Amino acid sequence: MATVQGDLGTGTPLGGRDRTKISGEAGTDDVGRDVAAAAQEAAPRASGGAGTDGVPPKRGRRRAVPEPAPAPVLDDAELRGALEAILLVVDQPVSELVLAEILEQAPERVGAMLDEIAAGYTAAGHGFDLRRAAGGWRLYTRPEYATYVERFVLDGQSVRLTQAALETLAVVAYRQPVTRSRISAIRGVNCDGVLRTLVGRGLVEECGTEADSGAYLYRTTTMFLEKLGLNSVDDLPPLAPFLPDDVEELADATR
109 MATVQGDLGT GTPLGGRDRT KISGEAGTDD VGRDVAAAAQ EAAPRASGGA GTDGVPPKRG
169 RRRAVPEPAP APVLDDAELR GALEAILLVV DQPVSELVLA EILEQAPERV GAMLDEIAAG
229 YTAAGHGFDL RRAAGGWRLY TRPEYATYVE RFVLDGQSVR LTQAALETLA VVAYRQPVTR
289 SRISAIRGVN CDGVLRTLVG RGLVEECGTE ADSGAYLYRT TTMFLEKLGL NSVDDLPPLA
349 PFLPDDVEEL ADATR
C-alpha cells in the first residue's frame, strides 16, 4: 500500500490511523487489532446496511395480495331459478339488495328479473303472484283463491278481528305514531284492551313516547303491511275526505 512520509509518521496508510502510536499507548498490539475489527463491523451500519463487499443485503419479497374471486356469471334462466327458490322459503319479505348480495349479482339486474317474474306469474294466471310488500318481495296467493286458502289454513277456526279491533287498527294506521288517548278520542270509547290485542297479534307496536306528555306512541308493524300486501303505509288509500271535521279538536281535548 502507498504510504505518506513526513509529518504523518512512517508507515501510516492513507485514511488509516497510526498503529505504532496506538500500540504505544495501549501497550499491546491486540488493542489495535480490536479497534480495526470494530471499525470494520461498524462500516456496514454507517453505509446504510451494506455488507463488507459494499453490496446492500437482500430484502425479503413482499407477499402478493390475492385478488378477490370474480362474481359468478349467472344467465337469466339460472338467476330466475335461484330467485324463485329463495322466495319459496322466506318467511318475510326480502329486499333486492339482500338477494343481490346472496347471489353476487348487481341489484339492478335482480330488480329487473323480479319484475319480469312477477309479470310472468300474472300473465300465466297462477294461483300465486310475486309482490312488493314491506320494502321487499314475497310470494302471495291471489285474492280470488282466498276462500280456499282460508278454509285450508284455518280449518274452521275464526281468527278474524272484531269491528272494534279493525277500527282501532285503522286509526293507528292513518294517524301513526299516535297515543292511546288520541285513539280513544277518535273512536269515542276506551281502546286499551283492543290495543293490547293488536299488539299481541303483532299488528301494532310501541315506538317511543310523546315529548310533551310522555305517553306511549303506537304504530303499525311490518306484519301489518304483509297482511295487507302493502309496500309501505304510503300505499294506504286516502282517508282524509271521510274523517269528521272535529277530529283534531277531539284529539287535543284529551291531551
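Heads up, my numbering is the position in the sequence shown plus 108, with the first residue counted as 1. Beta carbons are placed, not taken as given, at the ideal position from N, Cα and C, and that holds for glycine. Quantities reported herein were computed from a predicted structural model and do not represent experimental measurements.
Query	Result
6 Å CB neighbourhood of G132 in its chain, flanking five on each side removed	Note that G132 has pLDDT 43, beneath the 50 cutoff, so the model's placement of it is unreliable and the number below is only indicative. Cβ neighbours of G132 beyond the five flanking positions: none.
Proximity below 7 Å, CB of R239 to CB of Y253	no
Neighbourhood of R327 by C-beta distance below 6 Å, restricted to the same chain and skipping five residues each side	Q284, P285 and C315
Distance between beta carbons of T305 and A273, contact taken as under 8 Å	6 Å
Coil, strand or helix - A241 by DSSP	strand
Coarse secondary structure for L274, derived from DSSP in three states	helix
Chain-order list of residues whose beta-carbon lies under 6 Å from that of G244 (same chain, five-residue window excluded)	P201, V202 and S203
Three-way DSSP call (helix, strand, coil) for E212 in this model	coil
Collapsed DSSP secondary structure at G103 in the structure displayed	The displayed coordinates of the chain run from 109 to 363. Any statement about residue 103 would go beyond what the structure contains.
8 Å contact criterion, which L211 and L187 should meet: CB distance rounded	7 Å
Cα-Cα separation between P346 and E313, rounded to whole angstroms	23 Å
T255, DSSP secondary structure in three states	helix
L311 versus A293, R268 and G296, residue with shortest Cα-Cα distance	R268
L262 (DSSP reduced to helix, strand or coil)	helix
Backbone secondary structure at V280 - three-state DSSP	helix
Per-residue DSSP class, three states only, for V286	strand
Span of the beta strand (DSSP E) around L325	Y324 to T328
Rounded straight-line distance, which links the Cα of L207 to that of E216	11 Å
Beta-bridge pairing of F236 - partner residues as DSSP gives them	T249
Segment contact flag, the region 219-227 with the region 188-199, C-beta cutoff 8 Å, min 3 pairs	yes
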